[in-house]
Amino acid sequence: MDEKLIINDPQLPTLDQVLSRKTTPPVCLYNYYLFLRDTHRSVENLDFWLDVVAHENLCKLYCKELLHNLNETQSHGSSLSPPETYGTSNSCKLSLQEVSNELRYSAISGTSTERRSSSNAKSEDLPDQASSSIGTNPNAPYAKPRAASSLPLHQTQTKVKREDLRQSAEKIYYKYIVSGAEKELILPEMIKYRISHMIEVDQRDDPEVFLEAKLFVFDYMAQDSFPRFIRARAYSNLVALHAMFRLVLGLFILFIGFTVEFTLIFLDYQPRLTRLWGFIPIWVGTLNIYVHQKRFSPLLTILGISEKSLLHFNRIKDSHIRHLHVVQAIRIVCLTLVISTAVVGIFYAIPGCRL
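Basically this note's numbering = 1-based index in the sequence shown + 3.
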């Protein structure tokens with residue numbers, strides 16, 4: 004990583020906090036997206052990460068509904084012991100590894116969580132099994148708890164279907180992974196091969212399919228685009244195009260200030276104190292040039308805002324960023340005042356010479 008991108012400030016947010024939406028403007032996820040789209044020109048990595056997280060949440064929701072239906076089915080049986088019931092209800096808090104295992108085993112053989120309930124259900128009488136699986140529908144066919152848990156989701160009347168998981172996984176695969184994709188990612192060939200094998204050969208749709216690529220993309224953003232984003236938002240408050248406009252404006256105003264001073268000198272205009280009026284355009288011009296160099300405007304700091312895109316602003320809500328901006332604004336104003344005072348002092352000391 005470039006040494007210029009290393010920021011040693013523990014109070015600044017991390018990439019994980021930004022992606023988890025735990026930060027406020029100007030270092031929030033929305034501003035990070037705008038930075039990648041408008042400045043860094045590489046929003047594909049963030050889009051992929053967000054799509055994978057959405058897929059993981061979909062898988063978790065599917066498993067929770069699956070386990071919830073299983074738990075409801077088990078609650079009608081009398082042979083399930085209290086420890087097993089407690090374990091089943093707690094299993095709704097699943098990790099990604101558990102979700103992946105649940106989806107893989109349920110897709111291959113209907114085992115994992117359902118296996119335990121099936122072994123318990125075998126000791127029940129047939130009438131009890133029928134009544135617990137049929138519920139309020141007396142005409143429904145008899146099904147064991149294991150069978151009910153491994154049925155397609157549209158048959159268990161849940162919101163998320165197993166087909167939805169497959170479609171979500173394929174959408175990510177064909178959008179980011181395959182060669183020539185709409186937003187093809189730059190990934191190691193080995194990672195692409197493993198994802199392709201899991202999707203096309205193993206017919207998998209669990210979160211583990213994209214986990215390796217997700218971690219690779221996270222590390223890449225943490226080392227490349229995110230430090231640039233933090234530096235741009237914590238120590239700057241202007242976008243590049245606006246800063247360029249300030250440079251042109253500053254040079255023009257500085258030219259006016261120098262013209263006034265030289266005119267008063269070569270006309271030997273009296274009193275000499277009149278030359279001090281040139282301080283205003285010289286300071287404004289110097290300030291705008293320095294604003295361009297630092298991409299930081301003290302005026303925006305006074306207003307408590309930061310530019311997220313050209314002429315679009317948001318209010319600074321992060322207290323630490325606000326403090327950094329105030330310190331930076333005071334430093335820039337003081338420095339430009341010193342420079343402008345020195346320049347005007349030189350012009351004031353030059354003796355007049357009428358041409």
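Positions of the beta carbon are idealized from the N, C-alpha and C atoms, including for glycine.
Short Cβ contact (8 Å threshold) for F219 with I194: Taking the first residue of the sequence shown as 1, we reach residue 219 at position 216. Taking the first residue of the sequence shown as 1, we reach residue 194 at position 191. In contact: F219 and I194 (Cβ atoms closer than 8 Å).
Bridge partners - S312, DSSP secondary structure assignment: Here residue 312 refers to the residue found at position 309 when the sequence shown is read from its first residue. BP columns for S312 point to H315.
Those runs of the alpha helix (DSSP H) which lie wholly inside the segment 159-222 and span at least 4 residues: 165-175 and 192-199
Limits of the alpha helix (DSSP H) - the one that P230 falls within: Here residue 230 refers to the residue found at position 227 of the sequence shown. Its alpha helix (DSSP H) spans residues S228 to A237.
Other residues of its chain near S45: CB distance less than 7 Å, five sequence neighbours each side excluded: Locating residue 45 in the sequence shown gives position 42, where the first residue counts as 1. Closer than 7 Å at the Cβ level, and outside the excluded window around S45, lie L39 and S228.
Close-in-space but distant-in-sequence residues of the same chain around S112 (CB under 8 Å, 5 per side omitted): Translated into positions along the sequence shown, residue 112 becomes position 109. Because the pLDDT of S112 is 45, which lies under 50, any placement of that residue in the model is unreliable, and the number read from its coordinates should be weighed accordingly. Contacts found: none.
Complete alpha helix (DSSP H) runs within the segment 237-294 (minimum length 4 residues, chain order): 243-269
C-alpha distance - T27 paired with I319, whole-angstrom precision: In the sequence shown, residue 27 corresponds to position 24, counting from 1. In the sequence shown, residue 319 corresponds to position 316, counting from 1. Each residue's alpha carbon lies about 8 Å from the other.
Identity of the residue in F248, R236 and L214 nearest I10 by Cα: For the purposes of this step, residue 10 is taken as the residue at position 7 of the sequence shown. Nearest option by C-alpha distance: R236.
A345 in three-state terms, based on DSSP: For the purposes of this step, residue 345 is taken as residue 342 along the sequence shown, with counting starting at 1. Here A345 sits in helix by DSSP.
Contact the segment 58-73 vs the segment 161-173: 3+ CB pairs below 8 Å: yes
N-terminal and C-terminal residue of the alpha helix (DSSP H) that Q20 is part of: Translated into the one-based positions of the sequence shown, residue 20 becomes position 17. Element bounds for Q20: L18 to L22.
Three-pair Cβ contact test at 8 Å for the segment 263-278 versus the segment 338-355: yes
Status (buried if at least 16 other CB within 10 Å, exposed otherwise) for N60: If you number the sequence shown from 1, residue 60 lands on position 57. Classification of N60: exposed, given that the 10 Å Cβ count is below 16.
Within 8 Å, strictly: CB atoms of D50 and S312: Residue numbering aside, residue 50 sits at position 47 when the sequence shown is read from its first letter. Residue numbering aside, residue 312 sits at position 309 when the sequence shown is read from its first letter. No, the pair does not count as a contact, with Cβ atoms beyond the cut-off.
Residue nearest to T304 in terms of C-alpha spacing, selected from F258, S239, L190 and E173: Locating residue 304 in the sequence shown gives position 301, where the first residue counts as 1. Selected option, being the one with the closest Cα: S239.
N- and C-terminal bounds of the alpha helix (DSSP H) containing I305: Numbered from its first residue, the sequence shown carries residue 305 at position 302. Segment P301 to L306, the alpha helix (DSSP H) holding I305.
Opening and closing residue of the alpha helix (DSSP H) in which L32 lies: Translated into the one-based positions of the sequence shown, residue 32 becomes position 29. Looking at the DSSP string, the run of the alpha helix (DSSP H) that includes L32 is L32 to F38.
CA nearest to the CA of D54, picked from Q170, P13 and L37: Locating residue 54 in the sequence shown gives position 51, counting from the first residue. Here the closest residue by C-alpha is Q170.
Within 8 Å, strictly: CB atoms of H200 and R249: Working through the sequence shown from its first residue, we reach residue 200 at position 197. Working through the sequence shown from its first residue, we reach residue 249 at position 246. Cβ distance not < 8 Å, so H200 and R249 don't count as in contact.
From I342, S343, I349 and G307, residue whose alpha carbon lies closest to that of V330: The residue given as residue 330 occupies position 327 in the sequence shown. The option with the nearest alpha carbon to V330 is G307.
Contacts around Y176, its chain only, beta-carbon distance under 7 Å, and the 5 residues preceding and following it disregarded: Start at 1 with the first residue of the sequence shown, and residue 176 comes out as number 173. Once the five neighbours on either side are set aside, the close Cβ partners of Y176 are I198 and I202.
Distance CB(G281)-CB(G260) smaller than 8 Å: Your numbering for residue 281 matches position 278 in the sequence shown. Your numbering for residue 260 matches position 257 in the sequence shown. Contact flag set, yes.
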